[in-house]
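>
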Ligand code: ATP
Ligand code: MN
Ligand code: MN
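Residue numbers (our numbering): 10 to 310.
Set out below in structure tokens:
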């Protein structure tokens with residue numbers, strides 16, 4: 010079943026060469042999972058993670074003392090990450106430029122892990138031109154207590170409507186509560202156009218199916234429905250990267266999968282940091298080798 014990888018190296022997992030300190034430190038009290046286990050996971054998946062997560066501005070969820078201790082979301086460094094964690098200057102609203110982070114090597118990824126990173130989040134644009142959007146993402150956020158089956162059928166509905174508009178989409182389970190439906194884009198459209206499309210799409214969906222969807226951010230207004238979070242599609246917003254670990258109990262990971270697999274999946278937190286080898290094998294299989302790849306532009310809405 011497993012075919013030769015497409016556009017991926019055929020060699021054994023690369024070793025980043027980054028020295029990880031405090032390998033025995035427990036980062037996930039549930040299951041007593043350590044910094045060593047987390048870094049081994051990222052060493053394993055670096056090669057299949059970087060084609061998507063590499064070379065785009067990233068934000069980190071860092072929990073140096075463990076996920077149950079102080080964690081912070083970090084967009085910039087103070088130059089303390091060393092040369093493998095690189096900088097791209099991005100213009101802020103007030104006109105001045107800020108250095109954002111990106112990695113494009115296993116060593117860059119693992120340096121972030123050495124610095125206590127659990128999660129990697131990324132922009133929907135590449136460093137070559139951060140104004141040109143290379144993916145549309147609909148983040149399906151279910152109301153508390155809603156069955157995962159409802160999220161799955163909602164994801165299929167989003168897939169269906171986007172397909173009718175000519176967009177190929179790929180699903181990813183987040184390792185948390187939901188699913189991201191992702192449409193790769195040839196980077197031509199800029200943020201205002203993409204945000205406008207996403208917003209109008211979400212509102213149209215909520216209007217057509219008010220019993221299942223809401224486009225309103227307030228949790229109080231979800232009431233048994235799924236919030237179709239279109240806000241991941243605005244300039245500066247991030248979404249969790251494929252293969253990122255999550256700072257949640259038992260260290261689940263965000264995982265790309267096929268639509269067929271999603272149909273019968275039990276949980277959005279199906280894969281964990283112990284599944285690195287399996288995830289790499291999956292990523293190289295013929296069903297997933299082309300995940301997230303499509304040459305397409307936004308249709309009219
Ligand atoms: P779930 O499936 O549980 O919803 P998720 O990754 O989609 O998992 P959300 O809460 O829906 O989680 O999305 C939060 C998004 O907001 C993240 O993707 C992240 O990139 C972004 N974000 C922006 N600021 C922060 C912050 N301070 N802390 C965490 N996430 C942040
Ligand atoms: Mn979500
Ligand atoms: Mn969300």
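Built from N, CA and C at the ideal position, the CB exists for glycine as well.
Considering only residues of the same chain and omitting the five flanking positions on each side of residue 15, which have a CB-CB separation below 6 angstroms?
Residue mapping note: residue 15 aligns to position 6 of the chain shown, counting from 1. Residue placement at residue 15 is flagged as unreliable, the pLDDT there being 48, under the threshold of 50; the coordinate-derived value follows with that caveat. Contacts found: 298.
> Thinking C-beta only, is residue 58 closer than 9 angstroms to residue 251?
If you number the chain shown from 1, residue 251 lands on position 242. If you number the chain shown from 1, residue 58 lands on position 49. Taking 9 angstroms as the Cβ cut-off, residue 251 and residue 58 qualify as a contacting pair.
> What's the call for residue 11, buried or exposed, on a 16-neighbour Cβ count within 10 Å?
As a first step, residue 11 is located in the chain shown; it is residue number 2 there, counting from the start. Any reading at residue 11 must be qualified, since the residue scores a pLDDT of 45, below 50, and its modelled position is unreliable; no value is offered.
> Considering only heavy atoms of ligand 2 and the C-beta of each residue, which residues fall inside 5 angstroms, strictly closer?
My final list is 148, 150 and 187.
> By the three-class DSSP mapping on this structure, what secondary structure does residue 11 have?
The sequence position of residue 11 within the chain shown is 2, counting from 1. Caution is warranted here: a pLDDT of 45 is assigned to residue 11, below 50, making its placement in the model unreliable, and the coordinate value is therefore given only provisionally. Coil.
> Beta-carbon separation of residue 52 and residue 285 under 9 angstroms?
Counting from one through the chain shown, the residue named residue 52 turns up at place 43. Counting from one through the chain shown, the residue named residue 285 turns up at place 276. In this structure, residue 285 lies closer than 9 angstroms to residue 52 by Cβ.
> Between which two residues does the beta strand (DSSP E) containing residue 68 stretch?
Looking up residue 68 in the chain shown gives position 59. Run containing residue 68: 67-71, per the beta strand (DSSP E) assignment.
> Measuring from the CB of residue 238, is there a heavy atom of ligand 3 at a distance below 8 angstroms?
In the chain shown, the residue the question calls residue 238 occupies position 229. Yes, since a heavy atom of ligand 3 falls inside the 8 angstroms radius drawn around the Cβ of residue 238.
> Cβ of residue 371 within 8 angstroms of any heavy atom in ligand 1?
This structure gives no information on residue 371, because the portion of the chain shown stretches from 10 to 310.
> Given 8 angstroms as the limit, is there contact between the segment 237-257 and the segment 145-159, that is, 3 or more CB pairs closer than that?
yes
> Residue 120 by DSSP, collapsed to three states: which one?
In the chain shown, the residue the question calls residue 120 occupies position 111. Note: residue 120 maps to helix in three-state DSSP.
> Would residue 122 and residue 110 qualify as a contact pair, given that the criterion is a beta-carbon distance under 9 angstroms?
Locating residue 122 in the chain shown gives position 113, where the first residue counts as 1. Locating residue 110 in the chain shown gives position 101, where the first residue counts as 1. No, the Cβ-Cβ distance between residue 122 and residue 110 is not below 9 angstroms.
> Evaluate residue 153 with the Cβ neighbour count: other Cβ atoms within 10 Å of its Cβ, from every protein chain shown; 16 or more gives buried, anything less gives exposed.
Stepping through the chain shown from its first residue, residue 153 is reached at position 144. By the 10 Å Cβ count, residue 153 comes out exposed.
> Should residue 130 be labelled buried (16 or more other beta-carbon atoms within 10 Å of its own) or exposed?
Residue numbering aside, residue 130 sits at position 121 when the chain shown is read from its first letter. Buried.
> Give me whichever residues DSSP pairs with residue 107 in a beta bridge.
Numbered from 1 along the chain shown, position 98 holds the residue referred to as residue 107. Residue 107 pairs with 99.
> Could you tell me the alpha carbon to alpha carbon distance between residue 201 and residue 242, rounded to whole angstroms?
Counted from its first residue, the chain shown places residue 201 at position 192. Counted from its first residue, the chain shown places residue 242 at position 233. Each residue's Cα considered, the two are about 9 angstroms apart.
> Decide if the segment 152-166 is in contact with the segment 228-244; the criterion is three or more beta carbon pairs, one per stretch, under 8 angstroms apart.
yes
> Using only CA atoms, which one of 25, 308, 26 and 30 lies nearest to residue 173?
Here residue 173 is taken as the residue at index 164 of the chain shown, counted from 1. Closest by alpha carbon: 308.
> Decide yes or no for the touch test of the segment 263-270 against the segment 101-120: beta carbon pairs closer than 8 angstroms, at least 3 of them.
no
> Roughly how far, in whole angstroms, is the beta-carbon of residue 132 from the beta-carbon of residue 301, given that I think they are within contact range, below 8 angstroms?
For the purposes of this step, residue 132 is taken as residue 123 along the chain shown, with counting starting at 1. For the purposes of this step, residue 301 is taken as residue 292 along the chain shown, with counting starting at 1. Residue 132 to residue 301, Cβ: 15 angstroms. No contact.
> Run through the segment 164-245 for me and flag every whole beta strand (DSSP E) of 3 or more residues, listed as ranges in chain order.
179-182, 188-193 and 235-238
> Can you give the beta carbon distance from residue 223 to residue 306, rounded, assuming they're within the 8 angstroms contact cut?
The residue given as residue 223 occupies position 214 in the chain shown. The residue given as residue 306 occupies position 297 in the chain shown. Going by Cβ atoms, the distance from residue 223 to residue 306 rounds to 28 angstroms, so no, they are not a contact pair.
> Taking 6 angstroms as the limit between beta carbons, can you name the residues of its chain near residue 5, skipping five residues before and five after?
The structure shown does not extend to residue 5, since the chain spans only 10 to 310, so no value can be given for it.
> Taking 8 angstroms as the cut-off, is the beta-carbon of residue 241 closer than that to any non-hydrogen atom of ligand 3?
Position 232 of the chain shown, counting from 1, holds the residue named residue 241. Residue 241 Cβ: within cutoff of ligand 3.
> Taking the DSSP output, what are the residues bridged to residue 269?
Counted from its first residue, the chain shown places residue 269 at position 260. Residue 269 pairs with nothing; no bridge assigned.
> For residue 94, tell me which candidate among 54, 74, 118 and 127 has the shortest Cα-Cα distance.
The residue you call residue 94 lines up with position 85 of the chain shown. It is 118 whose Cα lies nearest to the Cα of residue 94.
> Considering only the alpha carbon of each residue, which of 166, 186 and 25 lies closest to residue 54?
The sequence position of residue 54 within the chain shown is 45, counting from 1. With distances taken between Cα atoms, residue 54 lies closest to 25.
> Would you report the Cα separation of residue 48 and residue 80, rounded to the nearest angstrom?
Translated into positions along the chain shown, residue 48 becomes position 39. Translated into positions along the chain shown, residue 80 becomes position 71. Between residue 48 and residue 80, the C-alpha separation is close to 17 angstroms.
> Can you give me the Cβ contacts of residue 31 inside the same chain, cut-off strictly under 8 angstroms, excluding the 5 residues immediately before and after it?
One-based indexing of the chain shown puts residue 31 at position 22. If we look at residue 31 and ignore the five residues flanking it on each side, its Cβ neighbours are 44.
> In whole angstroms, what is the alpha-carbon distance linking residue 73 and residue 213?
One-based indexing of the chain shown puts residue 73 at position 64. One-based indexing of the chain shown puts residue 213 at position 204. Whole-angstrom Cα-Cα distance: 42 angstroms.
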